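Position 95, counted from 1, in the sequence shown is what my numbering calls 300; the numbers after and before it change by one each time, with no gaps. We put the CB at the ideal spot given by N, CA and C, even for glycine. Small disclaimer: the values here were computed from a predicted structure and weren't measured. A short write-up of the structure that comes next.
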Amino acid sequence: MDAEYDRVAEAHGFHCSGCEDNCCLTRFFHYTLVEYLYLMKGFAGLDPSLQSQLIQQAVRVNAQVDAAVAAGEVSRVMCPVNMDGLCVLYDFRPMICRLHGIAHQFRHPSGKIISGPGCAAFESRRDPAAAIALDRTPFYRDMAVLEGRVREKTGIREKIKMTVAQMIAATGEILS
């Protein structure tokens with residue numbers, strides 16, 4: 206996944222850095238148990254004091270996002286695992302964190318091809334001659350297979366719709 210992202214980004218001469226419209230300010234929901242468990246695996250490997258700091262930050266982020274949503278505003282709050290511009294759980298980040306930002310497409314199970322542009326920074330810097338987009342289809346398919354296996358093994362059927370901040374805060378509730 207990371208290699209394919211890098212290949213497409215490189216074809217456009219795009220390097221994600223120094224962006225004012227940082228995707229870590231975007232409220233992404235994650236829907237897979239496998240991503241939640243993988244993020245928690247990374248979290249479990251952190252120093253306990255850092256874990257505590259991230260839980261406190263996640264609680265603050267959730268409160269800020271909830272306030273913005275209640276006011277009818279779009280929330281633009283930094284992800285709680287972004288510290289000094291870097292993701293402290295980078296190797297364990299969810300799929301959308303890995304794929305966001307560059308022009309993409311995927312084949313919906315109905316057969317329809319759905320495509321989307323990259324972020325504003327990508328669109329302003331992209332090479333128009335490089336008519337290439339990231340095909341997310343194989344990653345979505347692989348994730349669906351992994352998700353099915355994990356749910357089968359664990360017996361967990363509940364649907365998930367959580368942000369990274371919600372995942373980290375929920376872990377704090379479990380640990381306390």
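By the neighbour-count criterion, in which a residue is buried when 16 or more other Cβ atoms sit within 10 angstroms of its Cβ, Val279 is exposed. Pairwise C-beta distances place the stretch 296-303 in contact with the stretch 224-236, as three or more of them are shorter than 8 angstroms. Sequence-distant partners of Leu259 (beyond 5 residues in either direction) whose C-beta falls short of 8 angstroms from its own C-beta, in its chain, are Phe248, Leu251, Pro285, Val286, Val293, Ile373. Exclusion of the five residues before and after Ile337 leaves Val213, Ala216 as the residues of its chain whose Cβ lies within less than 7 angstroms of its Cβ. DSSP places Met245 within a helical segment (H, G or I) once states are collapsed to three. Lys364 and Asp296 have their alpha carbons spaced roughly 24 angstroms apart. A contact between stretches requires three or more CB pairs, one per stretch, nearer than 8 angstroms, and the stretch 336-353 meets this requirement with the stretch 234-241.
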